[in-house]
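Participant: Residue numbers (my numbering): 892 to 1730. One structure is given below, represented as structure tokens, and several questions about it will come after.
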Amino acid sequence: MGFLSQLFSSAKHGGTPQNATEPVVAEPMQPAPVAIDNTPVSTYQRLKREAAALLDVAKYEEASVIYRHALAENPDASEAHLNLGYVLKEMGQISLAQESLEKAATLDPNNFDAHLLLAMLFDVQNQPELALHAIKQAVRLEPKSTRACDIYYILLARRQDFEAIQAHAAAACDSSDNEARVLLAKADAIANINATGDLKGQLVSKALEFLRQSLALDPLHSPALMSQGFLLLTLNQTEQALASFDAAIQANPSDGMLQHTVAEVNRQLGRFEVAMAHLQKAISLPPDHAPSHKLMGDLHHEFAKYSAAIVCYEKAIAIKPDFVEAHIMLAMAQADSSLTDAALENSRKAIALQPDAPEVYFGSGNVYLTLNKYPQAISAFQQALRLRPNYTSALINIGAAYLCLADYASALIACRKAIALDPNHLMAHSNTAYCSSFDGDCGSSDYLLLAKQYGQVARTLAKPYTSWDRLPLEGRALKVGLVSSDLLMHPVGFFLEAVIAYVDTEKVEFHAFSNKVSADPLQASLKSRVKSWTSIMGLPDAEAAKLIYEAELDVLIDLSGHTMGNRLPLFCWRAAPVQATWLGYWASTGVAEIDFILADMHCVPTHNQDQFTEKVCYLPDTRYCFTPPGPLRDLPVGSLPYKKNGFVTFGCYQPMRKLTPQVLAAWAAIQKQVPRSMFLLRGKSFTDPKTQVELMRRLTDAGISTDRVRLVEGVPRRTYLESHREVDIILDSFPYPGGTTTCDALWMGVPTVTLAGNTMLSRQGVGLMACAGLSDWVANTESEYVKIAIEKAARPKELAAIRQRLRQTVFESPLFNAPGFAVDLQKALWHMIQSSTPS
892 MGFLSQLFSS AKHGGTPQNA TEPVVAEPMQ PAPVAIDNTP VSTYQRLKRE
942 AAALLDVAKY EEASVIYRHA LAENPDASEA HLNLGYVLKE MGQISLAQES
992 LEKAATLDPN NFDAHLLLAM LFDVQNQPEL ALHAIKQAVR LEPKSTRACD
1042 IYYILLARRQ DFEAIQAHAA AACDSSDNEA RVLLAKADAI ANINATGDLK
1092 GQLVSKALEF LRQSLALDPL HSPALMSQGF LLLTLNQTEQ ALASFDAAIQ
1142 ANPSDGMLQH TVAEVNRQLG RFEVAMAHLQ KAISLPPDHA PSHKLMGDLH
1192 HEFAKYSAAI VCYEKAIAIK PDFVEAHIML AMAQADSSLT DAALENSRKA
1242 IALQPDAPEV YFGSGNVYLT LNKYPQAISA FQQALRLRPN YTSALINIGA
1292 AYLCLADYAS ALIACRKAIA LDPNHLMAHS NTAYCSSFDG DCGSSDYLLL
1342 AKQYGQVART LAKPYTSWDR LPLEGRALKV GLVSSDLLMH PVGFFLEAVI
1392 AYVDTEKVEF HAFSNKVSAD PLQASLKSRV KSWTSIMGLP DAEAAKLIYE
1442 AELDVLIDLS GHTMGNRLPL FCWRAAPVQA TWLGYWASTG VAEIDFILAD
1492 MHCVPTHNQD QFTEKVCYLP DTRYCFTPPG PLRDLPVGSL PYKKNGFVTF
1542 GCYQPMRKLT PQVLAAWAAI QKQVPRSMFL LRGKSFTDPK TQVELMRRLT
1592 DAGISTDRVR LVEGVPRRTY LESHREVDII LDSFPYPGGT TTCDALWMGV
1642 PTVTLAGNTM LSRQGVGLMA CAGLSDWVAN TESEYVKIAI EKAARPKELA
1692 AIRQRLRQTV FESPLFNAPG FAVDLQKALW HMIQSSTPS
């Protein structure tokens, strides 16, 4: 799911850099000194101390009253006028704030903070000449103040006064610096100016000009080469940037920090092997560098090499015991390795090291999410938000945790708050669409609007290709790209494996673009069956789109939709002339550049085609083709549990987020009318004590007798399949039914009662039951769902007969007919190409 892809980053805990165009907080008046030799503290000093205390806790109105009392005691105190001006500015009383600050500057012309705040105040009021005059006074007083210089540079940049910027940058240099270093200082000063749009482009060009002049004088100066590389990256000149970084390394190969920085750049560009090589070099150089061990752990973690990651994080912590980020990432790797106690212990250590850092609680929340401890995750994210109310990532992930607990309202509130903070945050938009699909009160038109909003934001971040050079289609195989992070032991992989095996490679060749690396056997199998396999994990969209475009595909297919690890923004680049979505999602993506969605008539009747931004391309029988469970395909079905137990056991293997109040209400009605019946619920989080308490509370509130409910944890695939021998009937969830779990149940001889809705998602069970010849197990209303479950439970002989024949029935059905499905898919690919006219 998309909402779980936000992980703890290596951002420093000291806060984000100050934006030069935003208000800079003035230093409050210093606390009053302690009286010495029993000399009493003056009234002015006492008032000053009281005001400072109020200022520390942002009680501005109370502080303003006391500052005025202090000024009554000492009218010529410049510092009191300064702080009163700051307080008034924070209260929005701009003209009074300006009056106080001007008084402070008049009383003390050398009051740096007064001039600085006046510059910012004039800038906010769009008075550039007055702002420039004030900031010049501040810079005169403190020529090397970063805060003052940042504001000075941005004001000069708006006037396009580059000569003044250059002059000040040169004056700020050490008099002993040679010309090459002076040019570097000028370049860095210009490059660091906070600007956007055309102005930013002009500044970058000017900075690059100075860097080239600097490097002409000193070609082996590593800092200049590094600065040049970073600026070239901002222009998307990746190859030139990497060449500049390589030159910096060659000039100074024994600099471990330089090796580390270049490794980080390569990691961000998805060049993981190159990044690892630089890190190996960095840790071989003295002194032993803890951040390099931590970064190496991050790389191992991304490749799911959790044991290796744990070793690296432990080395980083051994060098630097207070390395908070390493503690959190160690906890994450341990959580991914199911080392629950160790993960929680390291999470607690990180919090103890920095109890006031919101990032630490964010990281701790992610550890709890990984361990399926959702209430604890919510508590951690809430603490992060208390410390930083505008923490977008924490809002997104608290939404994830609420969704996992089936609290759809709270999940959507969190997603919408994230969008309010950052209207262009793609993950927030994607998660909003995803979460709404679980909400039975969200209509198809409401969902489509949310999906379209996502598509509109994604489109603004892309530069679409407009032409594609392709050989004529006659006489060659179609080149079809598959984009997914789920080409492994995952439902997408299970459905895809057999299809790829049976596609005629002389007619269609598949090229996989994987967003996740795994060592599992299914990924190895899929790799062996495709024409090419390219990892796009970690690659920026522009780089990944370029790779896909250069593969000269005829069709590019998304297999993820809005689920975790998706690369939907890539499709806005239109790296292939025809684009489609299939298999991994159940609704419109909202991305206008995706031309088609592959579906069947069961899931998308013709009257529901308006629920998509994509055109519906119909497969004749089913949009799914399930692969029998490999070496486990011969597991015996077993006899009907009812024969042994004397009562019916209803089962549901869906996660808690699918168990809506409507589902639980239907189950309560079924339980009341099927005497002695038991419910077996299996899920990854169902044995976590806090989650279990919450689920049991909801079951009780719905009117379900919990003494007739068994909660069972998630287990390995073999045990999970064998557990169907304990279940007589599966009860589907709605409006989000099962997919893979329903197919698994059919294979193990267990039929499913499902409810037909009005969307592709909610009709998923309809198609599966039709393929299995069990259309009489499909309800059209909630009351009919209850009625079918009760009636089927009363017919154990019929259940036993179904159990014995069901595997063979579904094996011979379109659902398991991989050769037939492969032919249908080939026809659909040709249909999309022939009917598509991309803009």
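By construction, the Cβ of each residue, glycine as well, lies at the ideal position given by its N, Cα and C atoms.
Have a look at Ala1199, Ser1358, Glu981 and Leu1160 and flag the residue whose alpha-carbon is nearest the alpha-carbon of Ala949.
Facilitator: Glu981
Participant: Could you give the first and the last residue of the continuous beta strand (DSSP E) run that contains Cys1508?
Facilitator: Going by DSSP, Cys1508 is part of the beta strand (DSSP E) stretching over Lys1506 to Tyr1509.
Participant: Can you tell me whether DSSP reads Val916 as helix, strand or coil?
Facilitator: In this prediction, Val916 has a pLDDT of 27, which is less than 50 and means its spatial position is unreliable; nothing more can be read from the coordinates.
Participant: Kindly provide the ranges of any beta strand (DSSP E) runs that are 3 or more residues long and lie completely inside the segment 1391-1444, ordered along the chain.
Facilitator: 1399-1405 and 1423-1426
Participant: Pick out whichever of Tyr1299, His1180 and Pro1266 has its Cα sitting closest to the Cα of Ala1209.
Facilitator: For the set Tyr1299, His1180 and Pro1266, the Cα lying nearest the Cα of Ala1209 is the one of His1180.
Participant: Helix or strand or just coil, what does DSSP make of Asp1491?
Facilitator: coil
Participant: Go through the segment 1246-1312 residue by residue and report every complete run of the alpha helix (DSSP H) that reaches 4 residues or more, in order.
Facilitator: 1249-1261, 1265-1278, 1283-1295 and 1299-1312
Participant: Less than 8 Å between CB atoms is the rule here; does Asp1525 satisfy it with respect to chain B?
Facilitator: This model lacks chain B altogether; it includes just one protein chain.
Participant: According to DSSP, is Ala1670 part of a helix, a strand, or is it coil?
Facilitator: Strand at Ala1670.
Participant: Starting from Ile1621, trace the beta strand (DSSP E) in both directions and tell me its first and last residue.
Facilitator: Ile1620 to Leu1622
Participant: Please name the residue in Phe1404, Val1421 and Met1455 whose C-alpha comes closest to that of Leu1437.
Facilitator: The sequence shown places Lys at residue 1437, rather than the Leu named in the question. Measuring from the Cα of Lys1437, the nearest candidate turns out to be Phe1404.
Participant: Straight-line CA distance for Glu1505 to Leu1047?
Facilitator: A straight line joining the alpha-carbon of Glu1505 with that of Leu1047 spans about 49 Å.
Participant: How would you label Ser1321, buried or exposed, when you count the other beta carbons within 10 angstroms and need 16 or more for buried?
Facilitator: buried
Participant: For my contact list, Leu1133 and Ile1140 are in at a C-beta cut-off of 8 Å; report their separation, rounded to the angstrom.
Facilitator: Contact flag wrong, Cβ pair sits at about 11 Å.
Participant: Pair every Cβ in the segment 1536-1543 with every Cβ in the segment 1647-1656, then say whether three or more of these pairs are closer than 8 Å.
Facilitator: no
Participant: To which residues of the same chain is Pro1710 closer than 8 Å at the C-beta, ignoring the five residues directly before and after it?
Facilitator: So the qualifying residues of the chain are Tyr1393.
Participant: Given this structure, state the Cα-to-Cα distance separating Ile927 from Thr934, to the nearest angstrom.
Facilitator: In this predicted model, Ile927 has a pLDDT of only 33, less than 50, meaning its place in the structure is not dependable enough to derive any value.
Participant: So the beta strand (DSSP E) Cys1543 belongs to, where does it begin and stop?
Facilitator: Start and end: Thr1540 to Cys1543.
Participant: In the DSSP assignment, what residue or residues form a beta bridge with Met1011?
Facilitator: Per DSSP, none; premise fails for Met1011.
Participant: Using only alpha-carbon positions, find the residue among Met1455, Phe1503 and His1498 that is nearest to Ala1471.
Facilitator: Phe1503
Participant: Just curious, the beta strand (DSSP E) that Lys1370 is in, first and last residue?
Facilitator: Leu1369 to Ser1375
Participant: Taking Ser1666 as the reference, give the member of Arg1686, Glu1673, Pro1642 and Lys1688 with the closest Cα.
Facilitator: That would be Pro1642, whose Cα lies nearest to the Cα of Ser1666.
Participant: Contact between the segment 1485-1494 and the segment 1371-1383 is defined here as three or more beta-carbon pairs at a separation below 8 Å; is this criterion met?
Facilitator: no
Participant: Would you check if there are 3 or more beta carbon pairs closer than 8 Å linking the segment 1218-1226 to the segment 1248-1255?
Facilitator: The segment 1218-1226, when compared against the segment 1248-1255, does touch it at the 8 Å Cβ threshold.
Participant: In the structure shown, what three-state DSSP assignment does Arg1696 receive?
Facilitator: helix
Participant: Find the nearest neighbour of Trp1473 within the set Val1374, Pro1546 and Ser1530, judged by alpha-carbon distance.
Facilitator: Val1374
Participant: Should Asn1315 go down as buried or exposed, given a rule of 16 or more other Cβ atoms within 10 Å for buried?
Facilitator: exposed
Participant: Ser1118: buried (16+ other C-beta within 10 angstroms of its C-beta) or exposed?
Facilitator: buried
Participant: List the whole-angstrom C-beta distance separating Leu1075 from Ala1115, where the pair is believed to meet the contact cut-off of C-beta under 8 Å.
Facilitator: About 5 Å; that satisfies the 8 Å criterion.
Participant: Between which two residues does the beta strand (DSSP E) harbouring Ile1448 extend?
Facilitator: Here the beta strand (DSSP E) through Ile1448 covers Val1446 to Asp1449.
Participant: Just tell me which of Ala954, Glu953 and Ala961 has its CA closest to the CA of Cys936.
Facilitator: It should be pointed out that residue 936 corresponds to Gln in this sequence rather than to Cys. Selected option, being the one with the closest Cα: Ala961.
Participant: Given this structure, state the Cα-to-Cα distance separating Gln1562 from Ser1624, to the nearest angstrom.
Facilitator: 16 Å
Participant: Can you tell me whether Ser1530 is buried or exposed? The criterion is at least 16 other CB atoms within 10 Å of its CB, across all chains shown.
Facilitator: Ser1530 should be labelled exposed.
Participant: Can you tell which of Val1156, Ser1113 and Asn1001 has its C-alpha closest to the C-alpha of Thr1129?
Facilitator: Val1156
Participant: Using alpha carbons as the reference points, say which of Ala1368, Lys1418, Met1569 and Ile1693 lies closest to Gln1717.
Facilitator: Ala1368
Participant: Nearest CA to the CA of His1006: which residue from Ile1026, Ser1576, Lys994 and Asn1017?
Facilitator: Ile1026
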